[in-house]
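When we follow this note's numbering, the leftmost residue of the sequence shown carries the number 600, and every step to the right adds one. C-beta: ideal position from N, C-alpha, C; glycine also. Just so we're clear, the structure is a prediction, and the values are computed from it rather than from any experiment. Worksheet: the structure to be examined is printed underneath.
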Amino acid sequence: MKIVKHSGAIVDFNRSKLKQSLLKSGATAAIVDDVLHLIEKEIFEGISTKRIYKMAFGLLKKASNSQAARYNLREAIRLLGPAGFFFEKFIARLFASEHYETKVNVILQGKCVSHEIDVVVRKSNVITMVECKFHVGREAATDVKVPMYILSRFNDLKEKKHEIFSRNDAISKCWIVTNNRFTTDAIDFAKCSGLNLMCWDYPATNNLKTKIDNNQLYPITCLTTLTLAEKEKLLILDVILVQEIINNRTDLEKIGLSSNRIKNVIKEASELCRFI
């Protein structure tokens, strides 16, 4: 059976690929088999992958909110846009979980011009600039022009000392992070130029998805027990990660949730982050 991807490409329906994505949500084999059975009864020639995803998400949600939330991870990261400011804060949290000191939106004077850097991090006295490239469209990819441009900014900044975490800090490393993917040319150029890249599935063993899962760094936008408006209010309150509300009812009260809703949200958050 042929299905239509987000990009418009027509491909064969891949049952095993869908099964693997469902299993990665934490659902049991029995639940996954039930979901697959129901989806296979409903799909038809030319159905979109977006519609299949919505069906799978809805069926998982009936079984478990937290499993649906985990299955919804990539979409949840997209909801940190559209401007990408909250994505930058999310990436700073990711580095902080690995014991980096972090600062967001730092303006620094280079040798030639000034630059606004999305995130600056420090660990073991090594200062790293982190540039975040956020895409709203799922099929958009970061091409070679981006690392070429960021390399020029990095070279301009590393020529000077800066006052960031202390006086006379020197930037010696550079990361580029995107919520989607890099083109092959972008990866090749970055490798050749000494730039570090991270996206949804690159590098193979230390990418955005594995870092999130391994450290339970799920964005607040994952939660199925919150509305989009409520998620936006929490982001404005600087609540970026699901784990930040588990022992914190205050911010949930601030956005007007009832005691019963708070209980349900914290239950989903705790299950998602495996706190219970």
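Sequence-distant residues of its chain with Cβ nearer than 7 angstroms to residue 781 (five each side left out): Residue 781 sits at position 182 when you count from the first residue of the sequence shown. Around residue 781: 740, 741, 796, 798 and 801.
Through-space distance from residue 634 to residue 658, alpha-carbon basis: Position 59 of the sequence shown holds residue 658. Position 35 of the sequence shown holds residue 634. Rounded to whole angstroms, residue 658 to residue 634 spans 6 angstroms at the Cα level.
Residue burial classification, residue 875 (beta-carbon count within 10 angstroms, cutoff 16): Start at 1 with the first residue of the sequence shown, and residue 875 comes out as number 276. Residue placement at residue 875 cannot be trusted, given a pLDDT of 45 that sits under 50; the coordinates are not used to answer.
Inter-residue Cα distance where the pair is residue 744 and residue 726: Locating residue 744 in the sequence shown gives position 145, counting from the first residue. Locating residue 726 in the sequence shown gives position 127, counting from the first residue. Straight-line Cα distance between these residues: approximately 24 angstroms.
Residue 651: first and last residue of the uninterrupted alpha helix (DSSP H) it sits in: As a first step, residue 651 is located in the sequence shown; it is residue number 52 there, counting from the start. Here the alpha helix (DSSP H) through residue 651 covers 648-662.
Own chain residues within Cβ distance below 7 angstroms of residue 680, not counting five before or after: Indexing the sequence shown from 1 puts residue 680 at position 81. 686, 733 and 735, listed in sequence order.
Whole runs of the beta strand (DSSP E) within the segment 685-711, excluding any shorter than 3 residues: 700-708
Cα-Cα separation between residue 760 and residue 748, rounded to whole angstroms: In the sequence shown, the residue the question calls residue 760 occupies position 161. In the sequence shown, the residue the question calls residue 748 occupies position 149. So the alpha carbons of these two residues sit roughly 21 angstroms apart.
Residue 778 vs residue 692 beta-carbon contact at 8 angstroms: Numbered from its first residue, the sequence shown carries residue 778 at position 179. Numbered from its first residue, the sequence shown carries residue 692 at position 93. Contact: no.
Opening and closing residue of the beta strand (DSSP E) in which residue 773 lies: Along the sequence shown, one-based indexing puts residue 773 at 174. Unbroken beta strand (DSSP E) run through residue 773: 770-777.
Residue 882 - DSSP class collapsed to helix/strand/coil: No information on residue 882 is available, as it lies outside the stretch 600 to 875 that the chain covers here.
Distance between residue 804 and residue 821 (C-alpha atoms, nearest Å): On the sequence shown, position 222 is the one that residue 821 refers to. On the sequence shown, position 205 is the one that residue 804 refers to. About 22 angstroms.
Range of the contiguous alpha helix (DSSP H) that encloses residue 640: For this step, residue 640 is matched to residue 41 along the sequence shown. Here the alpha helix (DSSP H) through residue 640 covers 628-641.
Beta carbon of residue 851 nearer than 8 angstroms to that of residue 861: The residue you call residue 851 lines up with position 252 of the sequence shown. The residue you call residue 861 lines up with position 262 of the sequence shown. Yes; because the gap between Cβ atoms is below 8 angstroms, this pair is in contact.
Endpoints, alpha helix (DSSP H) assigned at residue 864: Taking the sequence shown and counting its residues from 1, the one referred to as residue 864 is at position 265. Per DSSP, residue 864 belongs to the alpha helix (DSSP H) from 858-871.
Where residue 731 falls, given that 16 or more other Cβ within 10 Å makes a residue buried: On the sequence shown, residue 731 is found 132 positions in, with the first residue counted as 1. So residue 731 counts as buried.
Residue of 648, 707 and 837 minimising C-alpha distance to residue 605: Counting from 1 along the sequence shown, the entry for residue 605 is found at position 6. Checking every option, the nearest Cα to that of residue 605 belongs to 648.
Exposure label - residue 664; buried when at least 16 CB within 10 Å: Residue 664 sits at position 65 when you count from the first residue of the sequence shown. With 16 or more Cβ atoms within 10 Å of its Cβ, residue 664 is classed as buried.
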